[in-house]
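Sequences listed follow chains H and F, in order.
All you need for this note's numbering is the position in the first sequence, starting with 1, plus 4.
All you need for this note's numbering is the position in the second sequence, starting with 1, plus 20.
Ideal Cβ placement from N, Cα and C applies to all residues, glycine included.
All remarks here apply to the structure that follows.
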Amino acid sequence: MPAPPLNNSPSTSRIVALRGVEKNFATGVRALDRFDLDVRAGEFVSLLGPSGCGKSTALRIIAGLSVPSAGAVEWPDGAGRIGFVFQEPTLMPWADVTTNVRLPLKLANNDDMVAVVQALESVGLASFARSYPRELSGGMKMRVSIARALVTTPQLLLMDEPFAALDEITRFKLNNDLLAIWHALRRTVIFVTHSVFESVYLSQRIVVMTPRPGRVFAEIFVDASYPRDERFRTSSEYAGFCRQAAEALAQAMASGAAS
Amino acid sequence: MSQRSLRICLPIFALALVILCWDLVVRKFAIPPFVLPSPGLVLTTLISDGGLLWHSLLVTLTLTFEGFLLAAVGGVVLAVAFNQWRLVEYSLYPYAVILQVTPVVAIAPLLLIYLPQPLAVLACAWIVAFFPVLANTTLGLNSVDHNLLALFELYKASRWQVLWNLKLPSALPQMLAGLRIAGGLSLIGAVVAEIAAGSAGAGSGLAYRIAESGYRLNIPRMFAALLLLSLAGVAIFFALSAISHLVLRRWHESAIERER
């Protein structure tokens, strides 16, 4: 399998950009402060920061679920289809797996069942099409949630700490599956996490954020080739990037504490 | 003995004990039937007056059922209207509460002045039964998972798509709980109105029979009618519980047996 082009090649076009985005909540909490982010088409980028640093807020602003108090969201080629995966599976408990995955199409009055079947196959759940969410394990529920996000073939996939609540074995498995899906479908992924290890394993680029109010503290380019697998997880190369990311995060925390 | 058979046998045993004591007391102190009839006399009255009581039961049950249906539809429609239009909620909610907290016993005589008797009974059944449906459904419609709501927003769902595909199904468990309460209450409402109507000397329902038998000191028939009313209430409760269970059995925790 050929490795995808590396992220830092300047030729790829931007899909979305945040320009000086600020977000103040009614409670007086300032979640984001002059936050800038450029996301290139086809890129896998992680937002890494401590909890409460506004990374989820940034994701919701990109999705249009939250309105920035200042600044702008730019879509150079127009806003495309977006898939969103929440921290919890967020499934409808009264509906079976197929109905849950079909939801985005149904809301658009599209009855393309082939897309539903393909989305289920891409997450390895074809044989659970008729199961109900409560009959599935945590990892399987998250797969359903990912299938639902993929069913509209979105240009941009937004993931808000999707694996944070899962056990390590399941998380590693889903990490690999997500990379395989990303590689096969060539979508752009913005992945929010508070795990240094997860961000290094998955992404081409890590944006390290300061504690509240969230600001870009550092950018780390993970120049390691894909496909990545368990060998990468134990390599010295991986350890090096993890050290780099952990140090950046520690400095970001210190800078936040000082201000 | 298993937990399950205990739960069936013990209440039956307790009931048998109470009936036995009741019978013994009536015999021992030779209590006349117009004070306390023996269980056997109640049973024979139930059979001898069967035709009359059965007819009255049907009258009461029909009105109860109609009141319940109106309460179910009215409660759900009003809850949806409250959920969709704030102004409707602000305008009407206080009056729904007032209607609920005013004792129906006090409203019934008034209704009997303005409405024909069956309609007044229906109105009473409706008044007491609609509020739990309204309150529970409103609670259900307002407790939708915020992330699911965000998801519907992300996919640009219309207001009606959100209502139909998200809010109503997610409110279903609370709505069914409300209906279960409403079933028993509509029987109570109908009985209260019939008793009030009975004191005016009109009516044909089971509660009217109770009032009438009271005036005539026909206490065995009073007991027989009361027995039928209780059985009707129990049947309504079980029927609604069964419906609720059937609807929720695939997905809601309340309908799923915990595995150990």
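Check                                                                                                                     : Outcome
N-terminal and C-terminal residue of the alpha helix (DSSP H) that residue 50 of chain H is part of                       : Premise fails: residue 50 of chain H lies in the beta strand (DSSP E), 48–52, not in any alpha helix (DSSP H).
Residue range of the alpha helix (DSSP H) that includes residue 37 of chain H                                             : Where residue 37 of chain H is concerned, there is no enclosing alpha helix (DSSP H), although the beta strand (DSSP E) it sits in stretches over 34–44.
Proximity below 7 Å, CB of residue 25 of chain H to CB of residue 39 of chain H                                           : yes
Contacts of residue 179 of chain F in chain H (Cβ-Cβ under 7 Å)                                                           : Those within 7 Å of residue 179 of chain F in chain H number zero; the least Cβ separation is about 12 Å.
Alpha-carbon to alpha-carbon, residue 171 of chain H and residue 130 of chain H                                           : 23 Å
Interface flag, residue 167 of chain H vs chain F, CB-CB below 7 Å                                                        : no
Meets three-Cβ-pair contact criterion under 8 Å: the segment 180–199 of chain F and the segment 118–132 of chain F        : no
Interface partners of residue 167 of chain F on chain H, CB under 7 Å                                                     : 90, 92, 94
The segment 159–174 of chain H in contact with the segment 188–206 of chain H per 3-pair CB rule at 8 Å                   : yes
Buried versus exposed, by CB contacts within 10 Å (16 or more), residue 74 of chain F                                     : exposed
Straight-line gap, residue 111 of chain H to residue 123 of chain H (C-alpha atoms, nearest Å)                            : 17 Å
4 or more residues per run - each alpha helix (DSSP H) lying fully within the segment 91–170 of chain H                   : 101–111, 117–126, 142–154
Through-space distance from residue 33 of chain H to residue 86 of chain F, alpha-carbon basis                            : 54 Å
The segment 146–153 of chain F in contact with the segment 194–207 of chain F per 3-pair CB rule at 8 Å                   : yes
Classification of residue 188 of chain H by the beta-carbon crowding that lies within 10 angstroms, buried from 16 upward : exposed
Presumed contact (8 Å Cβ cut-off) between residue 134 of chain H and residue 101 of chain H, rounded CB distance          : 7 Å
Any C-beta of chain H under 7 Å from that of residue 193 of chain F                                                       : no
From H:89, H:248, H:212, H:245, residue whose alpha carbon lies closest to that of residue 256 of chain H                 : H:212
Proximal residues to residue 245 of chain H (C-beta, below 8 Å), its chain only, five neighbours per side dropped         : 204, 224, 226, 228
The segment 241–253 of chain F touching the segment 66–80 of chain F, judged by at least three CB pairs closer than 8 Å   : yes
Three CB pairs or more closer than 8 Å across the segment 75–89 of chain H and the segment 38–46 of chain F               : no
For residue 121 of chain F and residue 254 of chain F, the rounded distance between their alpha carbons                   : 25 Å
Check whether residue 76 of chain H and residue 18 of chain H have beta carbons under 7 Å apart                           : no
Neighbour-count burial assignment, residue 115 of chain F, 16 or more Cβ in a 10 Å radius                                 : exposed
For residue 237 of chain H, the first and last residue of its enclosing alpha helix (DSSP H)                              : 234–237
Reduced DSSP secondary structure (H/G/I, E/B, other) of residue 31 of chain H                                             : coil
Closer than 7 Å at the beta carbon, the chain H residues around residue 171 of chain F                                    : 88, 94
Euclidean distance between Cα positions of residue 185 of chain F and residue 136 of chain H                              : 16 Å
Contact list for residue 52 of chain H against chain F, beta-carbon separation under 9 Å                                  : Ordered by position in chain F, no residue passes the 9 Å Cβ test against residue 52 of chain H, which lies about 22 Å from the chain.
Assumed close pair residue 150 of chain H, residue 50 of chain H - CB separation to whole angstroms, cut-off 8 Å          : Actually they are not in contact, since the Cβ atoms of residue 150 of chain H and residue 50 of chain H sit about 16 Å apart, beyond 8 Å.
Closest residue to residue 177 of chain H among H:118, H:237, H:192 (Cα-Cα distance)                                      : H:237
Any chain H beta carbon closer than 7 Å to residue 174 of chain F                                                         : yes
Counterpart residues of residue 220 of chain H in DSSP-defined beta bridges                                               : H:213
Own chain, CB closer than 6 Å to residue 222 of chain H, minus 5 neighbours either side, in chain order                   : 212, 252
Assigned secondary structure, residue 1 of chain H (DSSP; H/G/I helix, E/B strand, else coil)                             : In the structure as shown, chain H begins at 5 and stops at 263. Residue 1 of chain H is therefore absent and cannot be evaluated.
Cβ neighbour criterion (16 or more within 10 Å) applied to residue 228 of chain F                                         : buried
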